[in-house]
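Since the structure comes first, as structure tokens, the remarks are kept for the end.
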Amino acid sequence: MRNRTFIIAGILVFLLAPFFGLNADSLNLTGYVRNYSGMLFTEGNDFAIIRNTFNLNLDHSKEKVAFKVNPYIYQYQNQDLEIGLRQAYIDIFFNFMDIRIGKQQIIWGKADGVFITDVISPKDLREFLLPEFDEIRMGVTAFKADYYIGDSAIEFVWVPVFTSTRLPDESSIWKPRFDLPFQPEFDYSRQKVSESFKNSEVFLKYSTVTSAVDLELMGGYMWDDDPAMHTVKNIDPATMQPGSITVIPEHHRLGLVGGSFSTTLGSYVIRGEGAYYFGKYFLSEDSLLEEGVVEKNYLHYLLGVDFTLLDIKMSVQFIQQLILDYDDPIVNDRVENMMTFLATKDFLRETLFLELFTYVGLNNGDALIRGKVTYKLADGFEVLLGTNIFTGDKGMFGQYNKNDMVYAKIKYSF
Amino acid sequence: MKIKKLHILVLNLILLPAVTISGAELTGLQIVEKVYNRDTGQDSKGILTMTLTNSQGNKRVRKIKQFIKDFGKVEKSIMFFMSPADIRNTSFANWSYTEEGKDDDQWIYLPALKRVKRISSDSKSDYFMGSDFTYDDLGDRQPGEDNHKLLREEKFKGEDCYVVESIPKDEEYMYSRTVTWIIKDKWIGLKREFYDEDGELLKILKIRKYEKISGFWTILISEMTNVQKKHSTRMELSDVKINTGIPDRQFTERMMKRGL
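Protein sequences appear in the order of chains A and B.
Just so we're aligned: the first sequence equals residues 111 to 524 in the numbering used here.
Just so we're aligned: the second sequence equals residues 488 to 747 in the numbering used here.
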């Protein structure tokens, strides 16, 4: 039924377009068709993914108004089509202000592949951090207003309805590992954040671009996109020992203030980003805690540098997460360090591209190494071969050490 | 797509109105400075179509919409990539300063990332979008970076030209020398030969069409051929408008994100 509605809506757009003054000249229709196939390095070489994608961007603009709709279809083997709208919004332009209303992806900050002040659009982590970033970031229905003063801007965002991180299914190879002595039961009764005005999220950002530095200062009052995993141990009355564990996911309010900068130093680009979070819930092994979680403030920041060496474009980032007023029973380390490395080089007049991107978790010695080679056979048509290697046996990346894979993507853009 | 040092494709292809100066009084450096320091108008916009042809005759086409404005001490340009489809709505901004020694500031907006990113402008010898033009070739190279010598005066394509040889002061530079045919009364480089580090002819730039638009001589079609690799790039400029009063806000991050 949903599919049929979508298709009918699509046909109506095309049929009715001329009546609204939209014609082929002014209505921009772009997008891509892509096949993505991935195979694990496991003994049976299981397929990690086989997916066909149709992604459409439909936009139209007049002097003072514009709209954009970005529908997509994912087709998996032996499954129903997944049809969605990544974005669907209307723009209203004034001399010194722009307003955008509707479902939209909002991206803040200067970090690459790391989310610090980039907290408005929740993440689709069904395939961990492997998809393209515009596929990881989900659109949120929001009211966004930007007021411009020269090369500076003040941006206000109101998100009336909360959307949480999209996590992998129980059967997914990307399901995060839970190290508990018992197979837990889940109680989802507290997970939903009701759709009401008092539960909305607000964000404010000031940004400026100057010759010396690009600067962003931001603040937000939001919900933590990731639920805190409240854990209740159920005591067996016969043995007086824990007999089972119930995990109760619950979202909590989170406040943050932060900022980012970017500047050049000779031929180097120096970037930084940081945020102070108020009221994050962390898992704790403190037996006095009723539900195994404790509320703390924490600092998350990054320093990065982009440069060119031997015609290879490189980027290095150091990321640190620091829990303040730390208690020893907290499961996370007080300080968690990570680094990322990126190297890219192109050949054959920008038709062949090599890229290596690596996340390294310094606390657990784990890593995700992503190498890929892209060849543009023709304008708008590319073939990509890549590999994802997970090293270590614990930590954010080590937990997936059985998911090493090789993959191919064929993409036709129009 | 690689973008490091993108130059001002319209302004540097726009030339001074005719000026009568006696060639006998000019040195090679002065002639090149006349071309470099030409009045380019307050602002301009246009659409640039680049056609890349390889040795097998296969063609690739890139289309760019661009805006340029002189703000006094800084010249700002902004480009929107119209095609090919996979880079559509990518935009690029460049701030170029009159202050000697001050590097350009550059930003790129990638629609997939939805973020404007500051980038470094360190490599002038990189080729622009896989074409046969380096960023220096597009006009940014300052006259003081080479030693110039007036070789002779001769007629070329029916025009009276100065023939100037330019040898880089930096011995590591990608060209060992260039030779340029400059039209005497228009200050147009009508043809230029580029020689590689071994002194062999590497590339030839030819101007195919130029016209006067709003009082400014404008090169509309030029072609660069790499004779060693048998690869060529044709640049065609269309819909050129000069001094139309482009508002300052056209050159901001706001417009980079808004796109075409």
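All C-beta atoms, glycine included, are put in the ideal place defined by N, C-alpha and C.
None of the values given here were measured: they were computed from a predicted structure.
Please classify residue i: does DSSP put it in a helix, a strand, or coil?
i, result
"L516(B)", "helix"
"G475(A)", "coil"
"G181(A)", "Per the sequence shown, the amino acid found at residue 181(A) is Pro instead of Gly. Looking at P181(A) - three-state DSSP - the assignment turns out to be strand."
"M248(A)", "coil"
"K521(B)", "helix"
"P655(B)", "strand"
"N309(A)", "helix"
"G686(B)", "coil"
"D324(A)", "strand"
"I729(B)", "strand"
"K563(B)", "strand"
"L420(A)", "coil"
"K285(A)", "coil"
"E242(A)", "coil"
"M506(A)", "helix"
"M616(B)", "helix"
"A134(A)", "With a pLDDT of 47 at A134(A), under the threshold of 50, the predicted position of this residue should be treated as unreliable, though the coordinate-derived value follows. DSSP places A134(A) in coil when its eight states are reduced to three."
"Q548(A)", "For chain A, the structure presents residues 111 to 524; residue 548(A) sits outside this window and is missing."
"K716(B)", "coil"
"E400(A)", "coil"
"D456(A)", "strand"
"P439(A)", "coil"
In chain B, which residues lie with their C-beta within 9 Å of the C-beta of residue i?
i, result
"Q215(A)", "K601"
"S136(A)", "Going along chain B, no residue has its Cβ under 9 Å from S136(A), so there is no contact; the nearest lies around 11 Å."
"T140(A)", "A572, R575 and N576"
Please compile the residues from chain B whose C-beta is within a distance smaller than 8 Å of the C-beta of residue i.
i, result
"Y378(A)", "S607"
"S372(A)", "K604 and R605"
"D335(A)", "Ordered by position in chain B, no residue passes the 8 Å Cβ test against D335(A), which lies about 18 Å from the chain."
"E242(A)", "A599"
Spatial neighbours of residue i within its chain, please: C-beta separation below 6 Å, excluding the five flanking residues on both sides.
i, result
"R549(B)", "M537 and M616"
"Y316(A)", "I264 and L327"
"W474(B)", "Missing from the structure shown is residue 474(B); chain B here goes from 488 to 747 and no further."
"N180(A)", "N167, R196 and Q197"
"Y696(B)", "One point to set straight first is that residue 696(B) is Lys, not Tyr, in the sequence displayed. Result list for K696(B): L707 and I708, in chain order."
"Q431(A)", "H410 and E446"
With distances taken between CB atoms, is the gap from residue i to residue j smaller than 8 Å?
i, j, result
"R480(A)", "F463(A)", "no"
"N730(B)", "Q529(B)", "yes"
"W333(A)", "F272(A)", "yes"
"E383(A)", "T484(A)", "no"
"M515(A)", "F151(A)", "yes"
"E586(B)", "K563(B)", "no"
"S425(A)", "D244(A)", "no"
"K690(B)", "M711(B)", "yes"
"Y682(B)", "Y662(B)", "yes"
"S612(B)", "D619(B)", "no"
"S531(B)", "K728(B)", "yes"
"P598(B)", "T621(B)", "no"
"T163(A)", "Y186(A)", "no"
"L434(A)", "L409(A)", "yes"
"R276(A)", "D336(A)", "no"
"F238(A)", "W284(A)", "yes"
"W674(B)", "R525(B)", "yes"
"G368(A)", "Y386(A)", "yes"
Please list the partners that residue i has in chain A, where partner means a Cβ-to-Cβ separation under 8 Å.
i, result
"T739(B)", "Y258, G260, D261 and V319"
"M566(B)", "Within 8 Å Cβ-Cβ: nothing; M566(B) doesn't reach chain A, min ~16 Å."
"D592(B)", "S321 and T374"
In chain order, what residues of the same chain lie with their CB nearer than 7 Å to the CB of residue i, ignoring the 5 residues before and after it?
i, result
"P439(A)", "S394, E395 and D396"
"P734(B)", "none"
"G510(B)", "Low confidence applies here, because G510(B) scores a pLDDT of 44, under 50, leaving its location unreliable and the question unanswered by this model."
"N473(A)", "D443, E446, N447 and G505"
Strictly below 7 Å CB to CB, what residues from chain A border residue i?
i, result
"D647(B)", "Residues of chain A passing the Cβ test: none, with the nearest at roughly 37 Å."
"M616(B)", "E460"
"R547(B)", "D489"
Ordered along the chain, which non-local residues of its own chain (more than five positions away) have a Cβ less than 8 Å from that of residue i?
i, result
"E520(B)", "P630"
"D156(A)", "M149 and L150"
"M248(A)", "R196, Q215, S231, P232, K233, D234, T273 and R276"
In chain B, what lies closer than 7 Å to residue i by C-beta?
i, result
"S523(A)", "A572 and D573"
"T484(A)", "Result: empty, since nearest Cβ-Cβ is about 11 Å, beyond 7 Å."
So which residues of chain A does residue i contact, with C-beta pairs closer than 9 Å?
i, result
"W582(B)", "S321"
Does the segment 347-357 of chain A come close enough to the segment 291-298 of chain A that 3 or more CB-CB pairs lie under 8 Å?
Because the criterion of three Cβ pairs below 8 Å is met, the segment 291-298 of chain A and the segment 347-357 of chain A touch.
Contact between the segment 541-548 of chain B and the segment 706-724 of chain B is defined here as three or more beta-carbon pairs at a separation below 8 Å; is this criterion met?
Yes, they touch.
How do the segment 298-309 of chain A and the segment 364-376 of chain A stand: do at least 3 beta-carbon pairs fall below 8 Å, yes or no?
Of all C-beta pairs linking the segment 298-309 of chain A to the segment 364-376 of chain A, fewer than three are shorter than 8 Å, placing the two stretches out of contact.
Say whether the segment 163-177 of chain A touches the segment 198-214 of chain A, bearing in mind that this needs 3 or more beta-carbon pairs closer than 8 Å, one atom from each stretch.
Judged by pairs of C-beta atoms under 8 Å, the segment 163-177 of chain A touches the segment 198-214 of chain A, as three or more such pairs exist.
Are the segment 408-417 of chain A and the segment 254-261 of chain A in contact at 8 Å, needing three or more beta carbon pairs?
Inter-segment contact for the segment 408-417 of chain A and the segment 254-261 of chain A is absent: fewer than three beta-carbon pairs are separated by less than 8 Å.
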